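Scroll down for the structure; my scribbles are underneath it.
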Amino acid sequence: MRAGLHTGKRLLRSIWRGVREWCGDAAYERYLGSRAQRTATPQCTLSAEQFYVEQLNRRYSHPNRCC
Amino acid sequence: MNKVLSKLVWFAVALLGAGALGKIALQRGESLNAIWFVLAAVCCYLVAYRLYSAFIAAKILTLDDKRATPAELHDDGRDFVPTNKWVLFGHHFAAIAGPGPLVGPTLAAQFGYLPGTLWLIAGAVLAGCVQDFVILFCSIRRDGKSLGEMAREEVSKRGGFIAQLAVLAILVILLAVVALVVVNALKSSPWATFTLAMTIPIAMLLGVYLRFLRPGRVLEASLIGVALVLFAVVAGQWVADSPSWSHAFTLSGIAITAAIILYAFAASALPVWLLLAPRDYLSAFIKAGAIFSLAAGILFVRPSVQMPALTRFIDGSGPVFAGKIFPFCFITIACGAISGFHSLISSGTTPKMILRETHARFIGYGAMLLESFVGVMAMVAACAMQPGVYFAINSPAGIVGATPEAAAATISNWGFPLAGQTMTDLAHKVGELTLLSRAGGAPSLAVGMAQIFSSTIGGERLLSIWYHFAIMFEALFILTVLDAGTRVGRFMVQELGGRVWKPFARTGWTPGILLSSGIIVALWGYFLYQGVVDPLGGINSLWPLFGISNQLLAAVALVVATTVLLKMGRTRWIWVTLAPMAWLVIVTMTASYQKIFDPNPRMGFLAYANTLAAQVAAGKIPAAKLADTQRLIFNQRLDAVVTAVLAAMVLVLIVEALVQWYALLSRRREPVLHESPYVMTQWAPDFAGAAHGDD
Numbered sequence: 001m002r003a004g005l006h007t008g009k010r011l012l013r014s015i016w017r018g019v020r021e022w023c024g025d026a027a028y029e030r031y032l033g034s035r036a037q038r039t040a041t042p043q044c045t046l047s048a049e050q051f052y053v054e055q056l057n058r059r060y061s062h063p064n065r066c067c
Numbered sequence: 001m002n003k004v005l006s007k008l009v010w011f012a013v014a015l016l017g018a019g020a021l022g023k024i025a026l027q028r029g030e031s032l033n034a035i036w037f038v039l040a041a042v043c044c045y046l047v048a049y050r051l052y053s054a055f056i057a058a059k060i061l062t063l064d065d066k067r068a069t070p071a072e073l074h075d076d077g078r079d080f081v082p083t084n085k086w087v088l089f090g091h092h093f094a095a096i097a098g099p100g101p102l103v104g105p106t107l108a109a110q111f112g113y114l115p116g117t118l119w120l121i122a123g124a125v126l127a128g129c130v131q132d133f134v135i136l137f138c139s140i141r142r143d144g145k146s147l148g149e150m151a152r153e154e155v156s157k158r159g160g161f162i163a164q165l166a167v168l169a170i171l172v173i174l175l176a177v178v179a180l181v182v183v184n185a186l187k188s189s190p191w192a193t194f195t196l197a198m199t200i201p202i203a204m205l206l207g208v209y210l211r212f213l214r215p216g217r218v219l220e221a222s223l224i225g226v227a228l229v230l231f232a233v234v235a236g237q238w239v240a241d242s243p244s245w246s247h248a249f250t251l252s253g254i255a256i257t258a259a260i261i262l263y264a265f266a267a268s269a270l271p272v273w274l275l276l277a278p279r280d281y282l283s284a285f286i287k288a289g290a291i292f293s294l295a296a297g298i299l300f301v302r303p304s305v306q307m308p309a310l311t312r313f314i315d316g317s318g319p320v321f322a323g324k325i326f327p328f329c330f331i332t333i334a335c336g337a338i339s340g341f342h343s344l345i346s347s348g349t350t351p352k353m354i355l356r357e358t359h360a361r362f363i364g365y366g367a368m369l370l371e372s373f374v375g376v377m378a379m380v381a382a383c384a385m386q387p388g389v390y391f392a393i394n395s396p397a398g399i400v401g402a403t404p405e406a407a408a409a410t411i412s413n414w415g416f417p418l419a420g421q422t423m424t425d426l427a428h429k430v431g432e433l434t435l436l437s438r439a440g441g442a443p444s445l446a447v448g449m450a451q452i453f454s455s456t457i458g459g460e461r462l463l464s465i466w467y468h469f470a471i472m473f474e475a476l477f478i479l480t481v482l483d484a485g486t487r488v489g490r491f492m493v494q495e496l497g498g499r500v501w502k503p504f505a506r507t508g509w510t511p512g513i514l515l516s517s518g519i520i521v522a523l524w525g526y527f528l529y530q531g532v533v534d535p536l537g538g539i540n541s542l543w544p545l546f547g548i549s550n551q552l553l554a555a556v557a558l559v560v561a562t563t564v565l566l567k568m569g570r571t572r573w574i575w576v577t578l579a580p581m582a583w584l585v586i587v588t589m590t591a592s593y594q595k596i597f598d599p600n601p602r603m604g605f606l607a608y609a610n611t612l613a614a615q616v617a618a619g620k621i622p623a624a625k626l627a628d629t630q631r632l633i634f635n636q637r638l639d640a641v642v643t644a645v646l647a648a649m650v651l652v653l654i655v656e657a658l659v660q661w662y663a664l665l666s667r668r669r670e671p672v673l674h675e676s677p678y679v680m681t682q683w684a685p686d687f688a689g690a691a692h693g694d695d
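For the protein sequence lines, the chains are G and H, in the order given.
25 is the number that my numbering gives to position 25 of the first sequence; each next residue is one higher, with no gaps.
471 is the number that my numbering gives to position 471 of the second sequence; each next residue is one higher, with no gaps.
Structure follows, in structure tokens:
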């Protein structure tokens, strides 16, 4: 019973994480994680607002929605 | 033992699929349950994925999980982001699934359910999925390069330029035709017009929320937005019931055209966070929900398909669009079987986010299978309604007549019994003034979806709500294609213009933004306008033009794929991409020739123009209609020129490729692949993508 609950909880958590990744909710956290791994200069890191606008400008400058 | 069991299971799946296909192909004269369509499609997809895609992955592409992907090599947390394969599948599917797989099969249902269903399944398995998969692979091996760049490097410089021009041309025609579908869905419908109009302030509200209040919190903002949009669907009924509000939102085709053109210009020129992006978020959630609900509804209701397997219109005399089953069934289905536009997505964002090379099979091949399944569901929804009703909704008034009685008489004469009162009652039940001659596919699909949904929840009482929900869903994501496409077109125009005058290419320069937005909107707006004023309904000429251009782009993608396979030394296996390419070239060239030169005025652009010109010369056109007729003549000739130019561009590219292939096969030229150098992955074999955030 407890194992089942644990598995269910893990499954729900992965679905939740998947949905957040899919819709872009977790994009800024991912960006921060990537920055932390690759650079030691936090001054250059974009704020959440800057990142959001910059990301949209790049995403919508090439075909990203099909017919 | 396990191997034997596995083989037995796959044999059973194949047998079930063959049985279901046999059932839908051979059943005559009795109603057929929709569950057979689902079984046939799903079993074919499973077998194709298990065997054919595995064969391509292992034997031809030799996918290598030890090779680092662009997402690993260039991980910047922005463009290059290593992403879990299920999440990326969702991204990729949301990007490739547009209105095409819904509208195309709905229109192709005029031939009966059989040809369209077979092409949806076979075309996807043997052509569409292969194209998406191979192009995705090619782009992964080239640091996420675009189709145009790959064509330039692997085929020829001219090939790259042609691919770029073809993309711009298809974009213009695509935007015009999808806008026409929206116009025909909203025309004289205050409920639908109000609901869709409300999505603009809702999207702007979300834009402000996401930009200033909770930057990047897409999930919570989208849930608020979806709730508001659903409320707008319900509120639309109150608007339709109020005489004054109803009057304000009852717009003609021309008025809606003007509104859509203005909207797209604004969406292209305004900051992307204000309107375009939040609408896209709304659209993605509603699209996923509506597609899932349709699949669940079909499985729950299991409707009977009422359309015959083949109709008399396979001879080319169909009222929805003119043209024989070959080549026009394959042109009309378009994206549900193969779409050239997908190659832009497969060589765009997806290759930069893929974690492992082997994921390309699941994402490239698998997502296209799902898109094909959406097409099969649209076919079921269209064919589950009474055939007479289907033809009454989708045929232009110029062919069936302008009143319910006249339309019913014409359609009954074709062998599809229909009473005029049936159309009046149906329009009343779905809350519309009329459903007659609402060509474009969207209203008939909405009726089909509403009938399936209302059989699941609410019965006839909720038919009108479900109908307008379906219209809102279709129009919402068509507008997303429209505004995103207009913005991309704007960048392309700026890039091309920048070659002549450099400042024009600066994407942040306001006069350049306004001018390029104006140019791209004027280009597709012109085709949209000509479709709206066309007495044959517009869809008759524009949808085939869209199908031809989209399939020609697919041929371009397959030319690139075949060239890469040849250079990789896979000569023995090039039929995998060469056969679908040859088929597409035959289909599109035949269709292009017929659309330009066919002597039937309903079919051939030039014949129609000449017929009208002869009527003008003979003085048969009243003076009041002379200017309109002259414009119609010009439009038909313009359509002929556009078709010819598209076909010529692709022929030039094919000739370039043939020269290249001959040189490679005769060993006159060394095969030079432009792949990025091999780098071994640093990730552990069980690494499934970085997870940040909630845990």
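A virtual CB, placed ideally from N, CA and C, is assigned to each residue, including glycine.
Being a predicted model, the structure only gives us computed values, none of them experimental.
Bounds of the alpha helix (DSSP H) holding H/His-342 are 342 to 346. Per DSSP, reduced to three states, the secondary structure at H/Arg-438 is coil, with no helix or strand assignment. Setting aside the 5 residues that flank it on each side, H/Asp-65 is surrounded in the same chain by Arg-356, Glu-357, Thr-358, Thr-681, Pro-685, each with a C-beta closer than 8 Å to its C-beta; the list follows chain order. Within the segment 465 to 487 of chain H, the residues whose Cβ lies closer than 8 Å to some Cβ of chain G are Thr-480, Val-481, Ala-484, Gly-485, Arg-487, listed in chain order. Only buried fits H/Gln-164, as 16 or more other CB atoms lie within 10 angstroms of its CB. Looking at H/Glu-371, H/Ser-188, H/Val-430, the one whose alpha-carbon comes closest to that of H/Leu-120 is H/Glu-371. Secondary structure at H/Met-581: helix, using DSSP grouped into helix, strand and coil. For H/Val-81, the secondary structure class from DSSP, reduced to helix, strand or coil, is coil. Taking CB atoms only, G/Cys-44 has no neighbour in chain H less than 8 Å away. In the DSSP assignment, G/Gly-33 falls within the unbroken alpha helix (DSSP H) covering 27 to 38. Annotated three-state conformation of H/Arg-67 is strand, per DSSP.
Contact between the segment 229 to 238 of chain H and the segment 465 to 482 of chain H is established, with three or more Cβ pairs separated by less than 8 Å.
Among the residues facing chain H, G/Arg-2 is not included, as its CB has no counterpart in that chain under 8 Å away. DSSP places H/Ser-304 in the strand class (E or B) of the three-state scheme. 8 Å or more divides the Cβ of H/Val-430 from the Cβ of H/Ser-395. Within the segment 616 to 631 of chain H, contact with chain G at the beta-carbon level (separation under 9 Å) is assigned to no residue.
By the neighbour-count definition (other C-beta atoms within 10 Å, threshold 16), H/Leu-536 is a buried residue.
Residue pairing for H/Met-680: DSSP places it in a beta bridge opposite H/Arg-67. Proximity of chain G to H/Asp-79 at the Cβ level (cut-off 7 Å) is accounted for by Arg-58, in chain order.
Runs of the beta strand (DSSP E) lying entirely within the segment 110 to 140 of chain H, each at least 3 residues long, are absent. Contacts with chain H at 8 Å (Cβ-Cβ) include G/His-62.
Contacts with chain H (Cβ-Cβ distance below 8 Å) from the segment 1 to 20 of chain G involve Arg-13, Trp-16, Arg-17, Gly-18, Val-19, Arg-20, listed in chain order. A distance below 8 Å between beta-carbons, with the five flanking residues on each side excluded, links G/Leu-46 to the following residues of its chain, in chain order: Tyr-31, Glu-54.
Looking at H/Phe-137, H/Ser-592, H/Val-218, H/Cys-129, the one whose alpha-carbon comes closest to that of H/Tyr-365 is H/Cys-129. The shortest C-alpha to C-alpha distance from H/Ala-557 to any of H/Glu-30, H/Glu-149, H/Arg-668 is the one to H/Glu-149. Ranked by Cα distance from H/Thr-410, the first of H/Pro-319, H/Phe-605, H/Ser-455, H/Pro-201 is H/Pro-319. By the Cβ neighbour-count rule, H/Trp-501 is exposed, with fewer than 16 other Cβ atoms within 10 Å of its own. In the DSSP assignment, H/Thr-350 falls outside any alpha helix (DSSP H), carrying neither H nor E. For H/Asp-686, no CB of chain G lies under 8 Å from its own CB, so it is not counted at the interface with that chain. Contact between H/Ser-304 and H/Asn-33 holds: CB atoms are separated by about 6 Å, below the 8 Å threshold. Apart from the 5 residues on each side of it in sequence, H/Met-198 sits with its Cβ closer than 6 Å to the Cβ of Ala-232 in its chain, given in chain order. Nearest C-alpha to H/Val-13 among H/Val-4, H/Tyr-45, H/Ser-31, H/Ile-24: H/Tyr-45. DSSP lists H/Val-305 as the bridge partner or partners of H/Leu-32. For the segment 430 to 503 of chain H, the full-length alpha helix (DSSP H) segments reaching 4 residues or more read 442 to 456, 463 to 500 along the chain. Contact of H/Val-178 with chain G is assigned, a C-beta pair being separated by under 8 Å.
DSSP places H/Lys-23 in the helix class (H, G or I) of the three-state scheme.
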